[in-house]
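For the record, the sequence lines run as chains A and B. Mind the numbering: the first sequence is residues 151 to 442 in the numbering used here, read in order. Mind the numbering: the second sequence is residues 85 to 372 in the numbering used here, read in order. Report on one structure; see the data block that follows.
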Amino acid sequence: MKILNFKYLSVLPLIAFTGVFLGLPLVQLVIMAFGDVTLRAGTFTINFVGFENFNRMLDDELFLNSIRVTLVFTVAAVLLTLLFGTVIAIAVDGLTRHSAWIQNIVVWPAIVTPVVISVIWLLILSPQIGLLNKIFEFIGLEKQIWLGEPTPALIAVIAVDVWHWTPVVFLFVYTALKGVDSSILEAAKVDGATYFVRLKSVVLPLIVPALIAAAALRVVMSVKAFDEMYLLTFGGPANATSVITIYLKRVFLESFDYGYGAALSLTVVLMVLMTLLVMLGGQRILRRRNVE
Amino acid sequence: MSSKYRKNPFAGRSPLDDSPRAINRVVLGGALLSTLVPLVWMVFMAFQRPRAIISPTFSPEFSLSNFEDLLGPQKVFDEQILNSVVLVISATTICVALSALASYSLSQLNWHPKMVLVFLVSAGLIQLIPPMTLIPGLFYTLHILGLTGSLMTLVIVNVLINLPFAIIMMKFYFDSLPSELREASQLDGASEFSIFRLVMLPLASPGVAAVGIFVGIQVWNEFLFALIFSQGGEEAPITIGIGSLIQPWGINWGSMAAAGTMTAIPVIVLAIFASRQIVAGLTSGAIK
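Here it is as structure tokens:
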């Protein structure tokens, strides 16, 4: 009897906490999505309007723009972090010495406070005092207004995100490389396969599951991305870096349009879920093909 | 020649160690430079006189004035550091306590495998939700409970967003403890709670530390909820303090660099000395 009590008591705090602070907000979110919500004198009033909030989305140019920007941002940032993370992991794995401290330093950007990362990159990208323009001037190139023009600004926030999150992919791939059965590689080496042939035909297929896992994680992170966009460009110029989280913040905290914002939120969550299902389905198929 | 060596002529060496040296050096040199140069530049700027920073020519002038300015008597930066420290300690403690109890239970107390799966899958799914999308619901709920506008609110939301990760990772550590330990302690007459607290928790302490360190860093770094749920000024954590230094109409470059340096240093010190725990945290997604 005693064990039964402790067994259930031990998960009770967790369930109570998430029930109140996650369950209730999620229920509220769904209710709000189907209503017109007003906050007046500290009280919320919800009038049901059916699917009106969802219909509004299709004509909302700013929302459609934010979906486009998020797509471009996500695809570019995820692919570039996968590329750089993998290349660095292979290079570190090839080391016979020094790998510990190099690995340690390479991971730093992933844990530095995102707000500080914005500070770091403002100090580099600022047109007046930035390091990049100082270098450009030194080698005789024209100074640029990196964050002031739509396309350069989008490229800049993607670059900052890649700098921030390449370490995560690096760690996934590096761990996978450490797990590669070295006897297969030795056999290939003895058979005369050159370094690059072994990389391409032995190592790469073996780390594909890790790459897909890293890609899935990175997609989720990219959709969540907010801090750097908010601090570096504030979504601008001309909404060029207005990803979905920036747009949601505007709807919630500048228009106070909670009902519409809730509908947008639900849509975003469903989109993320669907993308991941597709990616994990792909991973299954690949795994099965590897086994066969 | 030892028999071990004969069995595996490449023992301890990577079979990829014949990688082209030149390419490797370029890749690693590039990775190290691009990691370090931006960080070093910020620290360098933090120790420059404001007029040296904005000077069109490169004319370094070492000075501590940015830090003196930032910590001056009329500034709230020191209070914001204190707020962040209080926030990190309370949110991390609550998060670790809730997740350790629940994960231990799920791992060792004979839950039906399906129930365990329900917990883990929900934890995984919750991590997919962008925090921004929770804001209207959270705002409403906290409003009803009268919890808006205090450091308490931030403690709650920080615990919430870190719980799923903490549970998945903590369960992983408790799974590695043998179940015989609990049975033996039971025979000795120990109560279930004291078995958890005096036997299992100490044994899982490396895992608890790893979760604690990682959650602590996440809380220290958190910006979005602080932006929405705190009133700013002396009530806000440090991330908001730095954010408020970044204004579209004019940036105080020196203070900003100094604040960034002071915020980044504790995290980087942790990265140097607790790198194993941090790596475990960053790759915990792979366990799923």
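By construction, the Cβ of each residue, glycine as well, lies at the ideal position given by its N, Cα and C atoms. From a predicted model like this one, the values you see are computed outputs, not experimental measurements.
For Thr217 (chain B), the nearest beta carbon of chain A is closer than 8 angstroms to its own beta carbon.
Here Ala412 (chain A) has Leu179, Met182, Ala183 as same chain residues with Cβ atoms under 7 angstroms from its own Cβ, once five neighbours each way along the sequence are excluded.
For Gln132 (chain B), DSSP records a beta bridge to B:Phe146. Scanning chain A for C-beta atoms nearer than 9 angstroms to the C-beta of Ile165 (chain B) yields nothing, as the closest lies near 12 angstroms away. The C-beta of Met182 (chain A) comes closer than 8 angstroms to at least one C-beta of chain B.
A distance of 8 angstroms or more separates the beta carbons of Phe320 (chain A) and Ala226 (chain A).
Taking CB atoms only, Lys350 (chain A) has no neighbour in chain B less than 8 angstroms away.
Taking the C-beta atoms as reference points, Ile362 (chain A) is found nearer than 8 angstroms to Met429 (chain A). Taking the beta carbon of Pro163 (chain A) as reference, the chain B residues within 7 angstroms of it are Leu182, Leu185, listed in sequence order. In the DSSP assignment, Gly185 (chain A) forms a beta bridge with A:Phe198. Among the CB atoms of chain B, one or more fall inside 8 angstroms of the CB of Lys399 (chain A).
Listed along the chain, the chain B residues whose CB falls inside 7 angstroms of the CB of Lys157 (chain A) are Ser189, Leu193. Distance from Ile251 (chain B) to Ala207 (chain B) at the Cβ level is roughly 5 angstroms; contact confirmed, criterion being Cβ atoms closer than 8 angstroms. Across the set A:Met379, A:Val393, A:Gln253, A:Thr168, the C-alpha of A:Gln253 shows the shortest separation from the C-alpha of Leu120 (chain B). When Cβ-Cβ separations below 8 angstroms define contact, Ser392 (chain A) makes no contact with chain B. For Gly385 (chain A), none of the residues of chain B pass the 9 angstroms Cβ criterion, the least Cβ distance being about 12 angstroms. In this structure, DSSP gives Arg247 (chain A) a state outside helix and strand, which the three-state scheme calls coil. Following the DSSP letters along the chain, one finds Val352 (chain A) in no alpha helix (DSSP H), marked with neither H nor E. Counting only runs of 4 or more residues that sit fully inside the region 308-343 of chain A, the alpha helix (DSSP H) segments are 332-340, in chain order. The residue among A:Glu211, A:Leu162, A:Asp186 with its C-alpha nearest the C-alpha of Ala388 (chain A) is A:Glu211.
With a threshold of 8 angstroms between beta carbons, Ile270 (chain A) makes contact with chain B. Close partners of Trp313 (chain A) in chain B (Cβ separation under 9 angstroms): Ser118, Thr119, Pro122.
In terms of Cα proximity to Val228 (chain A), the closest of A:Asp331, A:Thr316, A:Val219 is A:Thr316. Ranked by Cα distance from Phe376 (chain A), the first of A:Ala338, A:Gly280, A:Ile394 is A:Ile394. Annotated three-state conformation of Thr193 (chain A) is strand, per DSSP. The beta carbon of Ser189 (chain B) sits closer than 8 angstroms to those of Trp195, all from its chain and outside the five residues before and after it, given in chain order.
Residues of the region 415-439 of chain A with a C-beta atom less than 8 angstroms from some C-beta of chain B are Ser415, Leu416, Val418, Val419, Val422, Leu423, Leu426, listed in chain order. Apart from sequence neighbours up to five positions away, the residues of its chain that approach Gly296 (chain B) with a beta-carbon distance below 7 angstroms are Thr176, Val180, ordered along the chain. Around Asp377 (chain A), the beta-carbon contacts reaching into chain B at under 8 angstroms are Phe307, Leu308. Below the 7 angstroms Cβ cutoff, chain B contributes no neighbours of Ala413 (chain A), its closest Cβ being approximately 10 angstroms away.
Contact annotation: Gly409 (chain A) and Ile396 (chain A) have beta-carbon atoms that are not nearer than 8 angstroms.
Put simply, the region 240-248 of chain A does not touch the region 330-347 of chain B. Fewer than three CB pairs are less than 8 angstroms apart.
The shortest C-alpha to C-alpha distance from Pro302 (chain A) to any of A:Ile279, A:Leu275, A:Glu287 is the one to A:Leu275. Judged by their CB atoms, Leu398 (chain A) and Thr217 (chain B) are nearer to each other than the 8 angstroms cut-off.
Proximity to Ile349 (chain B) across B:Val124, B:Ala320, B:Ser143 peaks at B:Val124, based on C-alpha coordinates. Here Val370 (chain A) is near Leu212 (chain B), since their CB atoms are less than 8 angstroms apart.
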